[in-house]
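S.K.:
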Amino acid sequence: MNQDERIQLIIQYLKEKQKIQLEDICELYGVSRDTARRDLVKLEEEGAIIRIRGGAMLPTLTKSIRSYRERFQDSGNKRSIGQFAASLIKDGDYLLMDTSTTVQFTAENLCTKNNVVVTNSIDIAGVLCDNPDIKTQLLGGELNAWHRNVSGPRTLEMLADFKVDKLFLGACGISSAGLSAPSVDEAYLKLKMIERADQVIVLADSSKFDKHLFHRICDFGKINIIITDQEPDPNMKKILEDNHVEIIIVPV
Numbered sequence: 151m152n153q154d155e156r157i158q159l160i161i162q163y164l165k166e167k168q169k170i171q172l173e174d175i176c177e178l179y180g181v182s183r184d185t186a187r188r189d190l191v192k193l194e195e196e197g198a199i200i201r202i203r204g205g206a207m208l209p210t211l212t213k214s215i216r217s218y219r220e221r222f223q224d225s226g227n228k229r230s231i232g233q234f235a236a237s238l239i240k241d242g243d244y245l246l247m248d249t250s251t252t253v254q255f256t257a258e259n260l261c262t263k264n265n266v267v268v269t270n271s272i273d274i275a276g277v278l279c280d281n282p283d284i285k286t287q288l289l290g291g292e293l294n295a296w297h298r299n300v301s302g303p304r305t306l307e308m309l310a311d312f313k314v315d316k317l318f319l320g321a322c323g324i325s326s327a328g329l330s331a332p333s334v335d336e337a338y339l340k341l342k343m344i345e346r347a348d349q350v351i352v353l354a355d356s357s358k359f360d361k362h363l364f365h366r367i368c369d370f371g372k373i374n375i376i377i378t379d380q381e382p383d384p385n386m387k388k389i390l391e392d393n394h395v396e397i398i399i400v401p402v
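The sequence shown begins at 151 in the numbering used here and counts up one residue at a time.
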């Protein structure tokens, strides 16, 4: 077994067990302590682990966020989640749609009438402009080409003037502490969206769970429904149930 193969196995072990000791690497993969240390040094240099005394653990902070276009191409089970979310919308609902690839699939599957949609996503606005039964309010602000949305003080000013029935929110990270986002500005905008909606519906495929990003958005007390593709682990499920969050698992 070469080092690259071992490293993949070490990462898989960490995902399951959270921590690994040098002795574990030696025993599992039949290598010396010096070889095990070299494996951990390489993983540390790549930013994949945090070294601890006698071993390593996975970082609890997620830093890397792909561009909107990259995330949209890697649709996975997002399309099914978005399609199901659209079935929760009724004729005449006033909606707020966050910038999210999964929420974009919700917009693409809208088949109700007389809806009003407020969004800061240029892609969702583009999808809805072809739907004659939807009136779209595109929030103003500074255009962010990486995330394909608008944000900033002007966005928050406009957002404060709206009140909607439902918010469809894309989750960046979900952990026991609640929802989180990669930047202060994004977290604050999402929080203000939550405050403008009577019902908050989070769309999150299973890859978003057990991720904590730089800035917390809110705890689960502000969330009504989470739509996902896999059952959360028992600890997370209990936290959600204790906060009266409805969990909907979409078959894929």
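Cβ coordinates follow ideal geometry from the N, Cα and C atoms, glycine included.
Taking the CB atoms as reference points, tell me whether ILE170 and TYR179 lie closer together than 8 angstroms.
M.R.: No, these two residues do not count as a Cβ contact at 8 angstroms.
S.K.: Mark ASP273 as exposed unless 16 or more other C-beta atoms lie within 10 angstroms of its C-beta, in which case mark it buried.
M.R.: Buried, since its Cβ has 16 or more Cβ neighbours within 10 Å.
S.K.: Hey, would you say PHE318 sits closer than 8 angstroms to LEU289, going by beta carbons?
M.R.: The answer is no: Cβ separation not under 8 angstroms.
S.K.: Report the partner residues of ILE324 according to the DSSP bridge assignment.
M.R.: Answer is LEU329, PHE359, bridged to ILE324.
S.K.: Should ARG298 go down as buried or exposed, given a rule of 16 or more other Cβ atoms within 10 Å for buried?
M.R.: So ARG298 counts as buried.
S.K.: Under 7 angstroms Cβ to Cβ from LYS228, same chain only, skipping five residues before and after it: list those, please.
M.R.: Answer for LYS228: THR251, THR252, PHE255, ASP355, listed in chain order.
S.K.: Could you tell me whether the Cβ atoms of PHE234 and VAL400 are closer together than 8 angstroms?
M.R.: Yes; because the gap between Cβ atoms is below 8 angstroms, this pair is in contact.
S.K.: Thinking C-beta only, is SER330 closer than 8 angstroms to HIS365?
M.R.: Cβ distance < 8 angstroms, so HIS365 and SER330 count as in contact.
S.K.: Cβ-heavy atom distance between ARG229 and the ligand COA below 7 angstroms?
M.R.: The model on display carries no ligand, and the ligand COA is accordingly not part of it.
S.K.: Is VAL277 closer than 8 angstroms to ALA295 when the C-beta atoms are compared?
M.R.: Cβ distance not < 8 angstroms, so ALA295 and VAL277 don't count as in contact.
S.K.: Of all the options MET207, ALA310, THR286, which has the alpha carbon lying nearest to the alpha carbon of THR269?
M.R.: Here the closest residue by C-alpha is THR286.
S.K.: Work out the CA separation of MET386 and THR378 for me, nearest whole Å.
M.R.: Computed Cα separation, rounded: 13 angstroms.
S.K.: Tell me, please, which residues DSSP counts as bridged to MET308.
M.R.: Paired residues: none, contrary to the question.
S.K.: Mind reading off the beta-carbon distance from ILE367 to LYS340? Whole number of angstroms is fine, and I expect it under 8 angstroms.
M.R.: Confirmed, Cβ separation roughly 5 angstroms.
S.K.: DSSP state of ARG298, grouped into three classes?
M.R.: ARG298: coil per DSSP, three-state reduction.
S.K.: So, with DSSP's three-state summary, where would you put ASN264?
M.R.: ASN264 falls in the coil class under three-state DSSP.
S.K.: Taking the runs of the beta strand (DSSP E) that are 3 residues or longer, which of them lie wholly in the segment 164–246?
M.R.: Those beta strand (DSSP E) runs which fall completely within the segment 164–246 and span 3+ residues are 169–171, 200–202, 205–207.
S.K.: Where does LYS313 fall in DSSP's three states?
M.R.: In the structure shown, LYS313 sits in coil (DSSP, three-state: anything other than H, G, I, E or B).
S.K.: What is the residue span of the alpha helix (DSSP H) that ILE373 lies within?
M.R.: Careful: ILE373 lies outside any alpha helix (DSSP H) and carries neither H nor E.
S.K.: Check the C-beta distance from ARG346 over to LEU246 and give it rounded, since I have them as a contact under 8 angstroms.
M.R.: At roughly 6 angstroms, the Cβ-Cβ gap stays under 8 angstroms, so ARG346 and LEU246 are in contact.
S.K.: Determine, using beta carbons only, whether ILE175 and ILE199 come nearer to each other than 8 angstroms.
M.R.: Taking 8 angstroms as the Cβ cut-off, ILE175 and ILE199 do not qualify as a contacting pair.
S.K.: State the start and end residues of the unbroken alpha helix (DSSP H) segment that holds GLU118.
M.R.: Nothing about residue 118 can be reported from this structure: the residues present for the chain run from 151 to 402 only.
S.K.: Going by DSSP in three states, GLU381 sits in which element: helix, strand or coil?
M.R.: Of the three classes helix, strand and coil, the one that applies to GLU381 here is coil, per DSSP.
S.K.: How is the alpha helix (DSSP H) around LEU278 delimited, first residue to last?
M.R.: LEU278 -> alpha helix (DSSP H) spans 272–278.
S.K.: Count the other CB atoms, across all protein chains shown, that sit within 10 Å of the CB of CYS91; report buried if there are 16 or more and exposed otherwise.
M.R.: Look at the range of the chain in this structure, 151 to 402, and you will see that residue 91 is not part of it.
S.K.: For SER230, which residues from the same chain have a beta carbon less than 6 angstroms from its beta carbon, with the 5 sequence-adjacent residues on both sides left out?
M.R.: Hits under 6 angstroms: VAL400, VAL402.
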